[in-house]
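Each number in the numbering used here comes from the position in the sequence shown (counting from 1) with 1 added on. The beta carbon of each residue, even a glycine, is placed where N, CA and C say it ideally should be. Reviewing the structure listed below.
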Amino acid sequence: MKVKQKINTALGRTTGFELVRVRGPRRRRPVIRAERLLRQPVFLLSSVRSGSTLLRVILDSHSQLYAPHELHLGDIEAKAKGWFAEHAMSDLGFDNNELTALLWDRLLDEALRRSGKKILVEKTPNQVFRIKRLVDIWPDARFLFLLRHPASILASWREARPHLSREEGIADILRYLTSLQEAREQLTGIDVRYEDLTERPEEETRRLCEFIGVEWEASMLDYGDNGHTRFRRGLGDWSEKINSGRLQPARPVPDDVPDEFRPFCAAWGYAESD
């Protein structure tokens with residue numbers, strides 16, 4: 002009798018327990034690139050406090066574009082509960098990662114169908130941390146990179162969260178800036194700067210419409226006339242400015258630019274005087 006069997010036999014007689022090898026954590030398998038229901042979705046990638054809610058409602062005011070509030074897909078998952086379900090799904094070739102991919106695809110496709118429009122635009126800022134997963138699920142996805150001067154992002158972030166110290170705010174924003182820059186380097190998409198959007202809205206939205214493949218519509222610039230005047234916390238910006246229902250000029254860039262932000266300013270075309 003092998004040593005392990007002898008030990009287990011003795012343990013079983015005296016305690017009722019046995020030694021069992023504990024397996025390491027399972028590695029998430031890549032999402033299977035199956036046929037998806039949702040075709041060519043558009044993902045708006047940005048840092049928090051970059052004007053993504055403004056751009057969302059402008060795009061949603063187009064007759065063919067459906068840009069809902071933040072969907073927080075990262076907190077929605079499908080999971081096989083229990084040994085039997087796990088093994089049943091495994092024998093079909095599905096793990097929890099693929100089940101979640103199917104759920105996201107079905108969810109967004111159904112939301113788009115109910116909207117009556119043709120193209121879905123999703124804008125949750127935290128999506129910038131899961132770009133590989135988005136591409137795995139939707140290889141035909143398109144990407145918009147919304148940029149804003151990093152010092153302005155920090156000022157807006159701390160205004161919305163006054164309990165944060167300057168150092169805490171910088172650390173928060175650096176995570177977004179870093180991931181957004183990585184997305185710009187790895188993915189094909191189009192840049193739009195918040196400052197340009199507020200200063201030259203027609204020019205910038207025409208560029209975006211051309212990229213997405215729809216005709217430009219003047220009504221996009223009057224988002225308040227298209228029902229976008231009530232915003233709730235947790236689903237995007239909810240400030241008085243966005244609730245005004247009209248485009249407003251960007252605030253002046255703060256003079257104090259953290260050194261940590263300067264590489265991003267240079268990469269995004271913001272001169273020292275901006």
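Beta-carbon spacing of residue i, residue j below 7 angstroms
i	j	result
H343	Y271	This structure cannot settle anything about residue 343, because the visible part of the chain is limited to 2 through 275.
L66	A184	no
A156	V122	no
V43	R143	yes
L38	D96	no
L104	A79	yes
T125	E71	yes
I120	Y224	no
M90	A81	yes
Terminal residues of the beta strand (DSSP E) in which residue i lies
i	result
R194	G190 to R194
L39	From DSSP, L39 is part of no beta strand (DSSP E); its letter is neither H nor E.
Residue i, enclosing alpha helix (DSSP H) - first and last residue
i	result
V136	I132 to I138
P264	R263 to A268
R162	Looking at the DSSP string, R162 is not in any alpha helix (DSSP H), and its letter there is neither H nor E.
G83	G83 to L93
I59	S53 to D61
L72	Looking at the DSSP string, L72 is not in any alpha helix (DSSP H), and its letter there is neither H nor E.
P202	P202 to I213
Best match in the options for proximity to residue i [C-alpha to C-alpha]
i	options	result
E75	L103, A112, N127 and L45	First, the residue type needs correcting, since residue 75 is Gly and not Glu in the sequence shown. Nearest of L103, A112, N127 and L45 to G75, Cα basis: N127.
L147	S48, R207 and F262	S48
D137	E36, G94, R252 and S91	E36
C210	A172, R57 and S51	R57
S153	R263, P264, D260 and R50	R50
R131	K82, Q187, R208 and K119	Q187
F265	L175, T206, E200 and V215	L175
P250	T206, P202, R263 and I213	P202
D110	W139, E99, A86 and G83	W139
K133	I191, L181 and E160	L181
P259	F85, D173, L55 and R40	D173
G214	S64, F262, N98 and L100	S64
Exposure label - residue i; buried when at least 16 CB within 10 Å
i	result
A267	exposed
H73	exposed
D141	exposed
L198	buried
E204	exposed
H88	exposed
D256	exposed
Going residue by residue through the segment 96-159, where are the continuous alpha helix (DSSP H) segments of at least 4 residues, counting only ones entirely within it? 97-116 and 132-138
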